[in-house]
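Numbering (UniProt numbering), first residue to last: 1 to 305.
Just below is one structure, and these are the notes that go with it.
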């Protein structure tokens, strides 16, 4: 366990010059090497997994199961966390306010640095059979060019690529600063829902996977009940690959019911969102009459949009 961290001051950095000779030139190039920190483990490891990355918002060191976050000049310790399994990938965003950690176990954690609050822990994929094989290969998190307040995340795993959108980290940060933890958690439910959206696209209702698929559907329903953004819920119900006719009909009815509650009863014309849901419902009914429910599982969800 890498839990002994020593940050060095300017006086004891052990600075030195590295002289590098050149065959083509008579002179030598000098480089200054500064020792900024010492990190050690209480037990010796034969083959420790060490990685580090320097970002504009901070410096991250990963040693086996430990993640150490320093400021960008390595003068102060921001966060030190120890996880259950080895850490494969890390990321930092929103001015160093949020840390993402992907474990070998498959768990991905979203952590608010200042409060040390873990906002989300979710297993995107199962752990690889080979313990020496990384579950996560790479993690990229960037601002969404279409909306500066949101981020998107690309997660490369040992068997595919996940794209998670609508990470409303700015609003989550504002909610935490106001000590409004409930609002922060509600925003995190959108992240969980987008994760389930990706998994639904890769699943099938075959007998061997039916239990897992039904579990994803139940998780999606539970999260949608906790999200107050009706437009998000509407788009989710339209875009998700519910696979079976019965589940698709149920989720369209759910979206319609939520939108009807917010409709202005004094206006005779339906809102655009409700029209879109009703249009999708009509397409679904037409498909049922023409082909029956059994054929629906072969149809991609954009058919409804």
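The beta-carbon is built from N, C-alpha and C at its ideal position, and this holds for glycine as well.
These figures come from a predicted structure and were not determined experimentally.
Select from the options the residue whose C-alpha is nearest the C-alpha of residue i.
| i | options | result |
| --- | --- | --- |
| residue 177 | 238, 113, 254, 163 | 113 |
| residue 186 | 196, 135, 119 | 119 |
| residue 122 | 248, 189, 149, 138 | 189 |
| residue 99 | 75, 55, 239, 2 | 55 |
| residue 105 | 240, 217, 135 | 135 |
| residue 62 | 46, 75, 91, 34 | 91 |
| residue 198 | 170, 242, 168 | 242 |
| residue 278 | 174, 289, 259, 288 | 259 |
| residue 289 | 182, 218, 245 | 245 |
Less than 7 Å separating the Cβ of residue i from some heavy atom of the ligand PLP?
| i | result |
| --- | --- |
| residue 57 | Here there are no bound small molecules, and the ligand PLP is not part of this structure. |
State the DSSP-derived secondary structure class of residue i, mapped to helix, strand or coil.
| i | result |
| --- | --- |
| residue 240 | coil |
| residue 38 | strand |
| residue 235 | helix |
| residue 143 | strand |
| residue 45 | coil |
| residue 150 | strand |
| residue 59 | strand |
| residue 73 | coil |
| residue 166 | strand |
| residue 173 | helix |
| residue 54 | strand |
| residue 203 | coil |
| residue 186 | helix |
Taking Cβ to Cβ, would you say residue i is nearer than 8 Å to residue j?
| i | j | result |
| --- | --- | --- |
| residue 263 | residue 270 | yes |
| residue 95 | residue 72 | no |
| residue 195 | residue 164 | yes |
| residue 223 | residue 203 | no |
Going by DSSP, what residues sit across from residue i in a beta bridge?
| i | result |
| --- | --- |
| residue 98 | 93, 112 |
| residue 157 | 136, 160 |
| residue 122 | 108 |
| residue 78 | Beta-bridge pairing links residue 78 to no other residue. |
What are the boundary residues of the alpha helix (DSSP H) that includes residue i?
| i | result |
| --- | --- |
| residue 218 | 210-226 |
| residue 85 | Segment: none, residue 85 is in no alpha helix (DSSP H) and carries neither H nor E. |
| residue 256 | 245-262 |
| residue 128 | Element bounds for residue 128: n/a, residue is neither H nor E. |
| residue 289 | 272-291 |
I need the boundaries of the beta strand (DSSP E) containing residue i, first residue and last residue.
| i | result |
| --- | --- |
| residue 7 | 2-7 |
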